[in-house]
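So the protein sequences, as listed, match chains A and F. For the first sequence, the working numbering assigns the number 4 to the initial residue and increments by one for each residue that follows. For the second sequence, the working numbering assigns the number 47 to the initial residue and increments by one for each residue that follows. Structure record follows, encoded as structure tokens.
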Amino acid sequence: RPNIDQELLESLPNLKVIGNFGVGVDHLDLKMISNFGVKVTNTPHAVADPTADIGIALMLASARRLVEGCQIAVSPDTKYFAVDWLGVEVTRATLGIIGMGSIGYKVAQRARAFDMRILYHNRNRRRKEEEEAVGAHYCEKMEDLLQQSDFVMLVVNLTPETHRLIGKKELGLMKPTATLINISRGAVIDQDALVEALQNKVIRAAALDVTYPEPLPRDHPLLKLNNIIITPHIGTATVRASRMMAEEAIANMLAVLNGQPIPSEV
Amino acid sequence: MFRSKAFSLLKPISLMSGQPNLAYKFIHPAIASHGHRCHRGSVDYRQRYKTCPSSAGGRTISAPQTKVMAEEELPGVLVLDVGGTHGVLENLAALLKEHFRLITMKEFLENKKEMSKKIQSVFVLECRPNIDQELLESLPNLKVIGNFGVGVDHLDLKMISNFGVKVTNTPHAVADPTADIGIALMLASARRLVEGCQIAVSPDTKYFAVDWLGVEVTRATLGIIGMGSIGYKVAQRARAFDMRILYHNRNRRRKEEEEAVGAHYCEKMEDLLQQSDFVMLVVNLTPETHRLIGKKELGLMKPTATLINISRGAVIDQDALVEALQNKVIRAAALDVTYPEPLPRDHPLLKLNNIIITPHIGTATVRASRMMAEEAIANMLAVLNGQPIPSEVFPK
């Protein structure tokens, strides 16, 4: 917001730049905007750490059934804590990162500290030193990553190539004990296929910070499942990140208006 | 015939890599009734058991017979129950049965006279069965209490020691999953994850507000109180979030250990409390750490700080915590432990919106429960076999 449509662009003769607050620009028609001679900038630096943090937070919360546990702890019906109530381990499990850009790499750095085995799939392979620094193994075929991972994390940007990247086939390739985490964009997953996979326990669970639309309609099947946690797109919802995104957007917009090198043009 | 029976019980069992080969196995029933312990003057029998099976003339016994006799002659281990919400998990009970005769509290109470002599160990899970004087007096052959988990604050170590009974715990199995839960709670609290989930599914949610913010974990300051195995693993994980790490401990860690995780020692706990954005309690519960965090300590913390407890509920003065949270003396708290567990349903902590509580799930994973059982079994067997005990706990 505001929505950048043809009408708005036509009504702003001196518009030079659209400074996006955040890194994702899938909501902007880049071609149309470019045709008006207007530049688009985003804020990749401000978003990387808090988004990586949310990815790890979702992975841990899902694996250890944290949200469910909190409900038990406060429920008026709770009389005792059952000993046969268990989650799954994160330390030394295998994490498959799909999309190894800045955010994906920071996820790998964090996951390494949990002694996780890290696999990644990316358009381009990272340099050897970068791989070794986080102990990440490249999977040229996404299928290999899906079959071996205990946790699959989506950290791609949304493009025509990544739209519905994860569908019925991909979910079927995952382990039945695996967890799918999405911190990219909702449309990277075929949501109907995800509903089916979760209902039939094709995978163990999912944890989504993003959906399409946001929020989901209140009667959406994803909201009724007990093996999913959904957060309201809070990947950059911190005091520091919001300030940094504003500062980064301002710097980018000023660079355009002042004819200086633009830090993050899209 | 006697010798064959003995050899049928000579299964070498190595539970975990590095564990000594447990070749000393029990035991003729006559010896068992005397509370046989391999190292107590039964050298003759032990020597005999050590010789290789072929010296028995290659005689073997049929497998079912072997199994029946083996079960009867295994040392007894007392557990509260098997299965259900408080009992030993079925798959873990199966592990126990490989080395012990499993006796439930119900079986014991129904047949005290016969069972009491068989019980050489007690497997304690979530503080049950309760080890009191009466129980100890009724188990003349009890040698060891094997605790499932690392905390032993529920056991009267002095009283147990007076009965000549050893206590063991499972420090290795608990460290990773507990450190993971500490980080999970810190992230969940900082980013308001539980609240966020409620918003995402609430029937009243029409849009996601942009003025809804949490606090950052990356590059924040984490103060770890208690830098044992678990605390150190917390530090290792926190380092990957570029956190500034302070720690307070009875003893200072070696310089290389500090440098490996970038941790700074705070000799005075007050310094740690004043500088930290997140304070994590990772101590064991002792008279010294009881109510370690009270009104004064909470007052020293930053008003933007979060308190995380993965140790024992009684390390915090809960009434002081309620007041601090109500008055926003600190930002929030995240507790995996309380006293009691669970809290009474009308407890003020349950009504606050700046707290998250989990039901003591620090070791509630499939792998951890299996590892704790294996570690407890190895410890109990070491005691019964007179071998070096991996994790014995001594009264102070």
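Glycine residues also receive a C-beta, built at the ideal position from the N, C-alpha and C atoms.
In the structure shown, the three-state DSSP call for F/Lys159 is helix.
DSSP places F/Met326 in the uninterrupted beta strand (DSSP E) bounded by Phe324 to Leu327. A/Thr54 carries a helical assignment under DSSP once its states are collapsed to helix, strand and coil.
Here DSSP, grouped into helix, strand and coil, assigns F/Val307 to helix.
With a 10 Å radius around the Cβ and a threshold of 16 neighbouring Cβ atoms, F/Ala221 comes out buried. Against chain A, the CB of F/His218 has no partner CB under 8 angstroms away; the residue lies outside that interface.
Under a 10 Å Cβ-count criterion, A/Met156 is classified as buried, with 16 or more other Cβ atoms of the shown protein chains found around its own Cβ. Here the stretch 247-257 of chain A lies against the stretch 46-57 of chain A, with 3 or more beta-carbon pairs under 8 angstroms apart. Counting only runs of 4 or more residues that sit fully inside the stretch 143-219 of chain F, the alpha helix (DSSP H) segments are 151-156, 158-164, 179-183 and 203-208, in chain order. Taking a beta-carbon distance threshold of 8 angstroms, A/Ser152 does not count as an interface residue toward chain F.
At a C-beta separation below 7 angstroms, A/Phe39 has no neighbours in chain F, since its nearest C-beta there lies roughly 27 angstroms away. Per the Cβ contact rule, the stretch 81-99 of chain A is in contact with the stretch 218-234 of chain F (3 or more Cβ pairs under 8 angstroms). The beta carbon of A/Gly189 lies closer than 6 angstroms to those of Val213, Thr214 and Tyr215 in the same chain, with the five residues before and after it left out.
When A/Leu69, A/Thr162 and A/Glu217 are compared, the shortest CA-CA separation from A/Val191 is found for A/Thr162. Assignment of A/Tyr123 by DSSP, reduced to helix, strand and coil, places it in the strand class. Along the stretch 67-95 of chain A, the positions whose C-beta sits under 7 angstroms from a C-beta of chain F are Arg67, Leu69, Val70, Gly72, Cys73, Ile75, Ala76, Val77, Pro79, Thr81, Tyr83, Phe84, Ala85, Val86, Asp87, Trp88, Leu89, Gly90, Val91, Glu92, Val93 and Thr94, read in chain order.
With respect to chain A, the C-beta atom of F/Pro223 has a partner C-beta closer than 8 angstroms. Shown here, A/Met156 sits in a strand according to DSSP, grouped into three states. Among the residues of chain A, those whose CB is under 8 angstroms from the CB of F/His132 are Tyr83, Ala85 and Val86, following chain order.
Close CB contacts of A/Lys171 within its chain, under the 8 angstroms cut and outside five residues either way in sequence, are with Asp193, Ala196, Glu199 and Ala200 (chain order). Contact annotation, A/Gly107 with A/Val158: C-beta distance approximately 4 angstroms; criterion of less than 8 angstroms satisfied. Counting along the chain, no beta strand (DSSP E) covers F/Ala255, and no H or E run does either. Using beta-carbon distances, A/Pro53 counts as an interface residue toward chain F, with a partner under 8 angstroms. Runs of beta strand (DSSP E) with 3 or more residues, each lying fully within the stretch 173-240 of chain A, are found at 182-185, 208-211 and 231-233, listed in chain order.
Exposed is the label assigned to F/Tyr253, since fewer than 16 other Cβ atoms lie within 10 Å of its Cβ.
By the beta-carbon neighbour count (other beta carbons within 10 angstroms, threshold 16), F/Ala140 is exposed.
In summary, A/Gly99 is buried, with 16 or more beta-carbon neighbours lying within 10 Å of its beta-carbon over all protein chains present. Here the stretch 272-281 of chain F makes contact with the stretch 319-338 of chain F; the two share three or more CB pairs at distances below 8 angstroms. A distance below 8 angstroms separates the beta carbons of F/Leu138 and F/Ala419. Of all residues in the stretch 234-252 of chain A, the ones placed with a Cβ closer than 8 angstroms to any Cβ belonging to chain F are Thr234, Pro235, His236, Ile237, Ala240, Thr241, Val242, Arg243, Ala244 and Ser245, in chain order.
Here F/His336 is exposed: its Cβ has fewer than 16 other Cβ atoms, across all protein chains shown, within 10 Å. The CB of A/Gln202 never comes closer than 9 angstroms to any CB in chain F; the least such distance is about 17 angstroms.
As the crow flies, the alpha-carbon of F/Ile403 is around 25 angstroms from that of F/Asn215. The beta carbon of F/Ile191 does not come within 8 angstroms of any beta carbon belonging to chain A, so the residue lies off that interface.
Any Cβ of chain A closer than 8 angstroms to the Cβ of F/Tyr253 would place that residue at the interface, and such an atom is present. Only residues of its own chain outside the window of five on either side were considered, and among them His132, Gly133, Val134, Thr150, Met151, Leu171, Arg174 and Pro175 have a CB closer than 8 angstroms to the CB of F/Leu126, listed in chain order.
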